[in-house]
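Visitor: Under the working numbering, think of the first position of the sequence shown as 16, with each following residue one higher. Glycine included, each C-beta is placed from N, C-alpha and C at the ideal position.
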Amino acid sequence: MKKNLMSVVILALVLVNLILTAILTITVLPETKKANELITQVCSAINLELESGSVTSDASSVPIDKLATYDISDSMTINLKDSGDGKEHYAVITVSLFMNKDSKGYKSFGESMEEKKNLVMSEITSVVSGFTYDEFKSDQQGVQDAIVADLQKLFDSDFIVSVGFPTVTCQ
16 MKKNLMSVVI LALVLVNLIL TAILTITVLP ETKKANELIT QVCSAINLEL ESGSVTSDAS
76 SVPIDKLATY DISDSMTINL KDSGDGKEHY AVITVSLFMN KDSKGYKSFG ESMEEKKNLV
136 MSEITSVVSG FTYDEFKSDQ QGVQDAIVAD LQKLFDSDFI VSVGFPTVTC Q
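#1: Tell whether a beta-carbon distance below 9 Å holds between S111 and G179.
#2: Quick check on the DSSP output: the alpha helix (DSSP H) that includes L166 runs from which residue to which?
#3: Going by the CB atoms, is the gap between T147 and I93 shorter than 9 Å?
#4: Using a 10 Å radius around the Cβ and a threshold of 16 neighbouring Cβ atoms, would you call G125 buried or exposed?
#5: By how many angstroms is the C-alpha of T40 removed from the C-alpha of A27?
#6: Count the other C-beta atoms from every protein chain shown that fall within 10 angstroms of the C-beta of G68, then say buried if there are 16 or more, exposed otherwise.
#7: State buried or exposed for Q167, treating a residue as buried only when at least 16 other CB atoms are found within 10 Å of its CB.
#8: Using beta-carbon positions only, say whether Q156 and H104 come within less than 9 Å of one another.
#9: By DSSP, does S118 sit in helix, in strand, or in coil?
#10: Roughly how far, in whole angstroms, is the beta-carbon of V11 from the beta-carbon of A106, given that I think they are within contact range, below 8 Å?
#11: Assuming L169 contacts N115 (C-beta within less than 8 Å), just tell me the rounded distance between them.
#12: Locate the beta strand (DSSP E) running through E177, then write down its first and last residues.
#13: Let me know the secondary structure DSSP gives L95 once reduced to three states.
#14: Looking at T55: is its Cβ nearer than 9 Å to the Cβ of I108?
#15: Just grab the DSSP bridge partners of A106 for me.
#16: Within 10 Å of its beta-carbon, does S153 have 16 or more other beta-carbons around it, so buried, or fewer, so exposed?
#17: Taking the CB atoms as reference points, tell me whether S76 and V176 lie closer together than 9 Å.
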């Protein structure tokens with residue numbers, strides 16, 4: 016008789032535990048979903064704030080069929096900043112601009128880029144001449160990012176997503 020009574024008590028406790036677990040799950044789960052949505056919204060807002068105003072020089076984020084290329088056919092010879100070694104250094108580069116065709120700025124400026132060629136070359140020269148020989152040689156991606164940032168500021172648009180140097184010679 017005692018074994019049977021003990022089995023009934025254990026069964027009752029298991030059922031009470033099951034009911035309490037179900038109640039707990041039903042009440043906590045919606046609140047957890049709301050908290051996760053809030054956390055996701057906060058994270059996305061923080062990411063937007065971090066990325067706004069920054070250089071968007073990632074051509075890989077734009078599909079290849081949406082990219083337009085503008086090649087500055089003239090090679091540019093640019094004096095580099097004095098590095099303190101007593102020698103004059105220069106870079107001879109050709110530049111390609113990669114532009115997002117879907118951007119509003121492309122419709123305004125990108126299609127008539129040939130007219131703005133000298134302005135773009137002047138900006139590139141001013142950016143590159145701010146780097147020393149060692150800086151230019153070791154961090155060409157940094158130079159390209161600086162050019163993109165300067166051109167985006169110049170045109171007040173982010174339609175230029177990347178800059179490439181098809182040929183580079185430093186001395």
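Guide: Result, derived from the coordinates:
#1: yes
#2: 155 to 170
#3: no
#4: buried
#5: 20 Å
#6: Residue placement at G68 is flagged as unreliable, the pLDDT there being 47, under the threshold of 50; the coordinate-derived value follows with that caveat. Exposed, since its Cβ has fewer than 16 Cβ neighbours within 10 Å.
#7: buried
#8: no
#9: coil
#10: Summary: the structure shown does not reach residue 11, with the chain confined to residues 16 through 186, and so no result is reported for it.
#11: The Cβ separation is near 16 Å, so there is no contact.
#12: Reading the sequence as shown, one finds Ser at residue 177 and not Glu. Counting along the chain, the beta strand (DSSP E) containing S177 begins and ends at 175 to 185.
#13: coil
#14: no
#15: I93, C185
#16: exposed
#17: yes
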